Amino acid sequence: MPQKPRIWVSRRLSDNALARARRDYDAIVNEDDRVYSADEIVAMSGNVDAILACHSEIFDADVVARLAPGLKIIANHSVGVDHCDLEALAGRGIVVTNTPDVLSDATAEIAMLLMLGAARRAVEGDRMVRGGEWTSWSPSFMVGKQVSGKPVGIVGMGRVGRAMAERCRGFGMTVHYHNRTRLAENLERGAIYHRTLEDLLPQVEFLSLHCPATPQTTGLIGEQALALLPPGAVLVNTARGALIRENDLIAALNTGHIAAAGLDCFAVEPGGNPGFAGFDNVFMLPHIGSATRETRDAMGFRALDNLDAFFAGAAPGDRVA
Ligand code: DGY
19 MPQKPRIWVS RRLSDNALAR ARRDYDAIVN EDDRVYSADE IVAMSGNVDA ILACHSEIFD
79 ADVVARLAPG LKIIANHSVG VDHCDLEALA GRGIVVTNTP DVLSDATAEI AMLLMLGAAR
139 RAVEGDRMVR GGEWTSWSPS FMVGKQVSGK PVGIVGMGRV GRAMAERCRG FGMTVHYHNR
199 TRLAENLERG AIYHRTLEDL LPQVEFLSLH CPATPQTTGL IGEQALALLP PGAVLVNTAR
259 GALIRENDLI AALNTGHIAA AGLDCFAVEP GGNPGFAGFD NVFMLPHIGS ATRETRDAMG
319 FRALDNLDAF FAGAAPGDRV A
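Position one of the sequence shown corresponds to residue 19 (this note's numbering), numbered consecutively onward.
Below you can see the structure in the form of structure tokens.
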């Protein structure tokens, strides 16, 4: 019987994904589920043929230059690959894959939760009831911003953006979008295309970010972009913290120009930005867009599908480098 390829599973995946990894590979699993340092990642790369990695493992140019020559593939358990220097990895001949499709619904659910929670004052309301501070009611009490029927802007109309658009249509919202290229009619489904972000922003009352973090999109939503949104707009981010200049968002929340924000991603993770903590109108979650049982299984299986294809000598379906 041929030897099974040796893989390092860098974090504790779902039980089902781990069972399959152990069945089909000689798997070293990070049972403690701690984040490995750059030096530890480099050391581990000397023991294995492949790494099944998460976005918590950083493969920057320095790490990539030091990876062991025997490492053949990094199969990411994430759709985002901004933790990987793809050019450097390609230069080393290391194949890289991701897990698109399978997390779109779960992430769109969280985007909708953040949009509703931010607009309808969920943080404030929950704290009030929980803390026994709910002592009165009147028609002017806890009035928020209605979501239904409003124009929403989606930045990045890939799979997650389109799943979000579908949910927004369920709320009767008019969907506008900005994407590098206009979608085909069957994918656009009536959404209004804006070639530039500057065209889109003044048209919408809600803005939801769904594009990857790249050098081109880093800091995309800063002072200028925020100023182009109408007063009272709501911003939602389930993509990557790097898209938003957080100090500019804090300034726009302070003036009230941005009425509320729903954030699942931050420039610094884990931890987030303590500067948002004082705002009742900022509804925050700890990067859990894809954290459902179904989606965690599907992400693990998809990463393993990519490894299976690679070690069978075929092209992995989700190759990004
Ligand atoms: C992704 O898949 O990119 C999510 O952010 C979780 O890593």
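For every residue, glycine included, the Cβ atom is placed at its ideal position computed from N, Cα and C. Here the structure is a predicted model, which is why all the values come from computation and not from measurement.
Asked: Spatial distance of valine 97 from tryptophan 155 (CA atoms); Found: 45 Å
Asked: N-terminal and C-terminal residue of the alpha helix (DSSP H) that alanine 181 is part of; Found: 177-188
Asked: Buried or exposed by the 16-neighbour rule on C-beta atoms within 10 Å, applied to arginine 145; Found: exposed
Asked: Close Cβ partners of valine 120 (< 7 Å) along its chain, the five nearest in sequence each way excluded; Found: Thr313, Ala316, Met317, Arg320
Asked: As assigned by DSSP and simplified to three states, the class of methionine 146; Found: helix
Asked: Opening and closing residue of the beta strand (DSSP E) in which glycine 109 lies; Found: From DSSP, glycine 109 is part of no beta strand (DSSP E) but of the alpha helix (DSSP H) over 104-109.
Asked: Three-pair Cβ contact test at 8 Å for the stretch 294-305 versus the stretch 130-140; Found: yes
Asked: Of the listed residues Ser308, Phe224, Gly240, nearest to valine 349 (C-alpha basis); Found: Outside the shown range of the chain, which is 19 to 339, sits residue 349, and nothing can be said about it.
Asked: Cutoff 8 Å; reference proline 288; Cβ partners in own chain excluding five residues on either side; Found: Pro304, His305
Asked: Distance between valine 66 and lysine 22 (C-alpha atoms, nearest Å); Found: 11 Å
Asked: Simplified DSSP state of aspartate 44, which is helix, strand or coil; Found: strand
Asked: Near the ligand DGY: glycine 290 beta-carbon under 7 Å from a heavy atom; Found: no
Asked: Spatial neighbours of proline 249 in its chain, beta-carbon cut-off 7 Å, leaving aside the 5 residues before and after; Found: His275
Asked: Rounded distance between the beta-carbons of alanine 68 and isoleucine 25, thought under 8 Å; Found: 4 Å
Asked: C-beta atoms of alanine 339 and alanine 79 nearer than 8 Å; Found: no
Asked: Three or more C-beta pairs below 8 Å linking the stretch 237-247 and the stretch 277-292; Found: no
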